[in-house]
Amino acid sequence: MDAQEAREHTAALFRALGSPKRLEMLERISTDPCSVSELAKFCGISQPLASQHLRALREVGAVRPDRQGRAVLYRIVDEHVAHILGDAVAHAQEEHHHD
């Protein structure tokens, strides 16, 4: 991947992270992989909507499905995504305290 492709992929990742529900899902699975139904319940949304959000996160490589028997659990792909999420939340909280 050249520099331009990396920038385009990064922009797509940030667009996918631009949804509060997707951020909520990522925060939840950063500590423990979850099924679509668990994430839907946790976020207070329908299972089809949770699946749509997960598809968007899969398309940018932020999450991956992991089959465990009959269940499919979603997890964050790697620590880079977890760090981006954690740093962004910390930044938002710091900015809020400076108001």
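Residue numbering for the sequence shown follows my numbering, starting at 164 and increasing by one per position.
The C-beta atom is built at its ideal place from N, Cα and C for all residues, glycine as well.
Computed from a predicted model, the values in this text were never measured in an experiment.
Exposure of residue i, with buried meaning 16 or more beta-carbon neighbours within 10 Å
i	result
V199	buried
M164	exposed
Own chain, CB closer than 7 Å to residue i, minus 5 neighbours either side, in chain order
i	result
R238	I192, P196, V226, R227, D229
Q210	V199, S200, A203
Residues of its chain near residue i, where Cβ-Cβ distance is below 6 Å and the 5 sequence neighbours each way are ignored
i	result
L176	V223
A245	S193, I239
E257	none
CA-to-CA distance, residue j to residue i, given in whole angstroms
i	j	result
S182	A234	26 Å
A213	G207	9 Å
H129	L189	Because the chain spans 164 through 262 in this model, residue 129 falls outside it and cannot be assessed.
D250	G232	34 Å
A166	L248	22 Å
Same chain, Cβ closer than 8 Å to residue i, five either side skipped, listed in chain order
i	result
R185	A179, H216, A219, L220
Beta-ladder partner(s) of residue i, from DSSP
i	result
D229	L236
C197	Y237
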